[in-house]
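Chemist:
Numbering (the working numbering), first residue to last: 3 to 585.
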């Protein structure tokens, strides 16, 4: 469990704008109009608020004591517990002014402590050479690695997007969306038979089906398209962990399939782990990386958490899904109040976000199982992410990696969203994802750079026939230096040259075109279109288009922005690389 400065800053910033009460409700059978009523004063009971505040203060004071004893890990753990004890209290922080004020002040105090915490020196030791691991079709997804050096008190370099859960907590269905007929209920009962786990029908599920067929259509279509990048991987991991594969659609509601989604409660990644739960299920969070934002490791942690919750509730997946959102403590308390372990019976005693969450996921699964039945046609999922996995030495620069693989730092980040900085973790070798088909050539280049020069080196591309004299002239270095850094390299057909970064004046990089040859075409983007959407419109792989334009697949494009894409003519040499490799 780790506390980070940006996490705290994010909470402060978002809380100033997200102040909306959570409404209470009364559960019933298949009619749900009375399930949405205003929260009562019991939920805002001052004695309970004082208990929550007192518990948080105890953890905060323990954190202070550990900090004075220079026990940084224990201090961070207690500060995390202080924050998490409020978030997991079962009360909606935003609906109680007193608790909200306390929480904001607590976040500020922890932030100031975080700034004051000194860094722990990084580990030192011999450098291991770079090593090609596998292409994404065969990549080992949970390779064990050494524990990295911890460095409290850091600034996050990652970029984040709002989590859809924030919007879900405020979603109010319209009267039209709440209209459910007897025929709708009968169809719902029939449709659920196609799902690979059991659940009880409820009118609220149909109401969310109505929402997605109307004003929520764009959200559903975007999620179904983006799911293609991760669904094959998610289904495989869920199957391996003994979780129904259809529950993998939870990722659509949690993050809209965005690894950089970040919520007001400091939940992060595809599967929206808060720091404490992420740590419980083995996701490392330190100065260099946050594995909550990883692809495979976070997916496996999510499956294991869901399996743990299903076992806790004796195979009741509705309760397990609800607990995934609000925490098992809150579900346990609701069950204690009703005496029945049934989601629809405990419905009045859980937060509004969780009331929306479970029927929302069930509706999403039903639509995903049969899109055409619900009016979703011709939605083409994105191609599964493709990449090679390379084991790189400690503290390898992402800029160096990008230049050595003919792409951008943003694209390398999009393949490795768990990295917090512009370098790989210091003190350990790291399994890094690079563009598909470029792993072996990248390793060959990296092996030419001594470990003590990786942070002061740059890789440039040279044209066929260009000699060391011309390269030296345009980079501001000497022929002798180039010979020292590139001994034995044959440049007769072009290739990569390593140069001292500080001396480079003009790299004049020429992008190799590979087997697309002269068959590139320029396409103008539409307003509001992403690069992945443009690629889908042209029938080519998003990853290939991203590499050709040094952008990430999620990059938002401006109207009429020119984007290079491979032609689909025979001259193009076949399908794009992103479509040739499958996980």
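Beta carbons are placed, not taken as given, at the ideal position from N, Cα and C, and that holds for glycine. These numbers come from a predicted model, not from an experiment.
I'd like to confirm the pairing. Which residues does DSSP put opposite residue 287 in its beta bridges?
Modeler: Here residue 287 refers to the residue found at position 285 when the chain shown is read from its first residue. Paired residue(s): 292.
Chemist: Does the Cβ of residue 78 have 16 or more other Cβ atoms within 10 Å, making it buried, or fewer, making it exposed?
Modeler: Taking the first residue of the chain shown as 1, we reach residue 78 at position 76. Residue 78 is buried by the Cβ-count criterion.
Chemist: Taking the C-alpha atoms as reference points, what is the distance between residue 275 and residue 551?
Modeler: By one-based count along the chain shown, residue 275 stands at place 273. By one-based count along the chain shown, residue 551 stands at place 549. About 32 Å.
Chemist: Quick check on residue 541: does DSSP put it in helix, strand or coil?
Modeler: For the purposes of this step, residue 541 is taken as the residue at position 539 of the chain shown. Of the three classes helix, strand and coil, the one that applies to residue 541 here is coil, per DSSP.
Chemist: Whole-angstrom Cβ separation of residue 297 and residue 321, contact assumed at under 8 Å?
Modeler: As a position in the chain shown, residue 297 is number 295, starting the count at 1. As a position in the chain shown, residue 321 is number 319, starting the count at 1. At roughly 28 Å, the Cβ-Cβ gap does not stay under 8 Å, so residue 297 and residue 321 are not in contact.
Chemist: So, for residue 55: in the same chain, excluding its five sequence neighbours on each side, which residues have a beta-carbon less than 6 Å away from its beta-carbon?
Modeler: What you label residue 55 is simply residue 53 of the chain shown in a count that begins at 1. Within the same chain, residue 55 has close Cβ partners 104.
Chemist: Put residue 164 into one of helix, strand or coil per three-state DSSP.
Modeler: Counting from 1 along the chain shown, the entry for residue 164 is found at position 162. Note: residue 164 maps to strand in three-state DSSP.
Chemist: Are there 16 or more other CB atoms within 10 angstroms of the CB of residue 379, so buried, or fewer, so exposed?
Modeler: In the chain shown, counting from the first residue as 1, residue 379 sits at position 377. With fewer than 16 Cβ atoms within 10 Å of its Cβ, residue 379 is classed as exposed.
Chemist: Mind checking which residues open and close the beta strand (DSSP E) that includes residue 459?
Modeler: For the purposes of this step, residue 459 is identified with residue 457 of the chain shown, where counting begins at 1. Looking at the DSSP string, the run of the beta strand (DSSP E) that includes residue 459 is 459 to 464.
Chemist: Is residue 443 helix, strand or coil by DSSP?
Modeler: If you number the chain shown from 1, residue 443 lands on position 441. Three-state result, residue 443: helix.
Chemist: Could you pull the start and end residues of the alpha helix (DSSP H) that residue 278 belongs to?
Modeler: For the purposes of this step, residue 278 is taken as the residue at position 276 of the chain shown. First-last of the alpha helix (DSSP H) with residue 278: 277 to 282.
Chemist: Does the Cβ-Cβ distance between residue 521 and residue 568 come in under 8 Å?
Modeler: Taking the chain shown and counting its residues from 1, the one referred to as residue 521 is at position 519. Taking the chain shown and counting its residues from 1, the one referred to as residue 568 is at position 566. The answer is yes: Cβ separation under 8 Å.
Chemist: Tell me the residue span of the beta strand (DSSP E) that contains residue 560.
Modeler: Taking the chain shown and counting its residues from 1, one reaches residue 560 at position 558. Counting along the chain, residue 560 falls outside any beta strand (DSSP E), and DSSP gives it neither H nor E.
Chemist: When DSSP labels each residue in this structure, what does residue 29 get in the three-state scheme?
Modeler: Here the question's residue 29 lines up with position 27 in the chain shown. Confidence is the limiting factor: at residue 29 the pLDDT is only 34, short of 50, which leaves the residue's position unreliable, though a coordinate-based value still follows. DSSP places residue 29 in coil when its eight states are reduced to three.
Chemist: Here's the rule: buried if 16 or more other CB atoms are within 10 angstroms of the residue's CB, otherwise exposed. What is residue 305?
Modeler: What you label residue 305 is simply residue 303 of the chain shown in a count that begins at 1. Its Cβ being crowded by 16 or more others within 10 Å, residue 305 is buried.
Chemist: Quick check: the Cα distance between residue 325 and residue 190, rounded to an integer number of angstroms?
Modeler: Residue numbering aside, residue 325 sits at position 323 when the chain shown is read from its first letter. Residue numbering aside, residue 190 sits at position 188 when the chain shown is read from its first letter. Those two C-alpha atoms are separated by around 24 Å.
Chemist: Helix, strand or coil: how does DSSP classify residue 382 here?
Modeler: Here the question's residue 382 lines up with position 380 in the chain shown. Residue state, collapsed to three classes: coil.
Chemist: What are the boundary residues of the beta strand (DSSP E) that residue 632 is part of?
Modeler: Past the boundaries of the shown model lies residue 632; the chain is included only from 3 to 585, so the question cannot be answered.
Chemist: Provide the residue(s) that pair with residue 502 in DSSP beta bridges, ordered along the chain.
Modeler: Here residue 502 is taken as the residue at index 500 of the chain shown, counted from 1. Looking at the DSSP assignment, residue 502 forms a beta bridge with 459.
Chemist: Pick from 353, 244, 86: whose alpha carbon is nearest that of residue 591?
Modeler: Any property of residue 591 remains undetermined from this structure, which presents the chain solely from 3 to 585.
Chemist: With C-beta atoms as the reference, is residue 210 less than 8 Å away from residue 353?
Modeler: Looking up residue 210 in the chain shown gives position 208. Looking up residue 353 in the chain shown gives position 351. No, they are not a contact pair.
Chemist: Leaving out five residues before and five after residue 376 in sequence, what residues of the same chain have Cβ atoms less than 8 Å from its Cβ?
Modeler: To locate residue 376, count along the chain shown from 1; it is residue 374. Excluding residues within five positions, the ones whose Cβ falls inside 8 Å are 211, 214, 215, 368, 369.
Chemist: Under three-state DSSP, which class holds residue 522?
Modeler: As a first step, residue 522 is located in the chain shown; it is residue number 520 there, counting from the start. In the structure shown, residue 522 sits in a strand (DSSP, three-state: E or B).
Chemist: To the nearest angstrom, how far is the alpha carbon of residue 248 from that of residue 382?
Modeler: Counting from 1 along the chain shown, the entry for residue 248 is found at position 246. Counting from 1 along the chain shown, the entry for residue 382 is found at position 380. Straight-line Cα distance between these residues: approximately 19 Å.
Chemist: Have a look at residue 390 and residue 418 and give me their C-alpha separation to the nearest angstrom.
Modeler: Within the chain shown, the letter at position 388 stands for residue 390. Within the chain shown, the letter at position 416 stands for residue 418. Whole-angstrom Cα-Cα distance: 12 Å.
Chemist: Over what stretch of residues does the alpha helix (DSSP H) that includes residue 299 continue unbroken?
Modeler: Counting from 1 along the chain shown, the entry for residue 299 is found at position 297. Unbroken alpha helix (DSSP H) run through residue 299: 298 to 314.
Chemist: Helix, strand or coil, according to DSSP, for residue 565 in the structure here?
Modeler: Taking the chain shown and counting its residues from 1, one reaches residue 565 at position 563. In the structure shown, residue 565 sits in a strand (DSSP, three-state: E or B).
Chemist: How many Å lie between residue 374 and residue 184 at the Cα?
Modeler: By one-based count along the chain shown, residue 374 stands at place 372. By one-based count along the chain shown, residue 184 stands at place 182. If you take the alpha carbons of residue 374 and residue 184, they lie about 22 Å apart.
Chemist: In whole angstroms, what separates the C-alpha of residue 317 from that of residue 268?
Modeler: Start at 1 with the first residue of the chain shown, and residue 317 comes out as number 315. Start at 1 with the first residue of the chain shown, and residue 268 comes out as number 266. Using only the alpha carbons, I get a separation of about 28 Å.
Chemist: Here's the rule I'm using: 16 or more other beta-carbon atoms within 10 Å means buried, otherwise exposed. How should residue 233 be labelled?
Modeler: For the purposes of this step, residue 233 is identified with residue 231 of the chain shown, where counting begins at 1. By the 10 Å Cβ count, residue 233 comes out buried.
Chemist: Three-state secondary structure (DSSP) at residue 453?
Modeler: For the purposes of this step, residue 453 is taken as residue 451 along the chain shown, with counting starting at 1. Correct three-state label for residue 453: helix.
Chemist: As a quick exercise: from 61, 403, 438, 217, pick the residue whose alpha carbon is nearest that of residue 84.
Modeler: The residue you call residue 84 lines up with position 82 of the chain shown. Measuring from the Cα of residue 84, the nearest candidate turns out to be 61.
Chemist: Unbroken alpha helix (DSSP H) runs of length 4 or more, entirely within the region 184 to 252: which are they?
Modeler: The qualifying runs are 184 to 193, 205 to 215, 219 to 228, 233 to 242.
Chemist: Just how far apart, CA to CA, sit residue 561 and residue 411?
Modeler: Looking up residue 561 in the chain shown gives position 559. Looking up residue 411 in the chain shown gives position 409. Their Cα atoms are separated by approximately 24 Å.
Chemist: Which same chain residues, not among the five before or five after residue 91, have their C-beta less than 6 Å away from its C-beta?
Modeler: Here the question's residue 91 lines up with position 89 in the chain shown. The answer, listed in chain order, is 54.
Chemist: Using 8 Å as the threshold, is the C-beta distance between residue 251 and residue 414 below it?
Modeler: Taking the first residue of the chain shown as position 1, residue 251 is located at position 249. Taking the first residue of the chain shown as position 1, residue 414 is located at position 412. It is not a contact, given that the beta carbons lie outside the stated cut-off.
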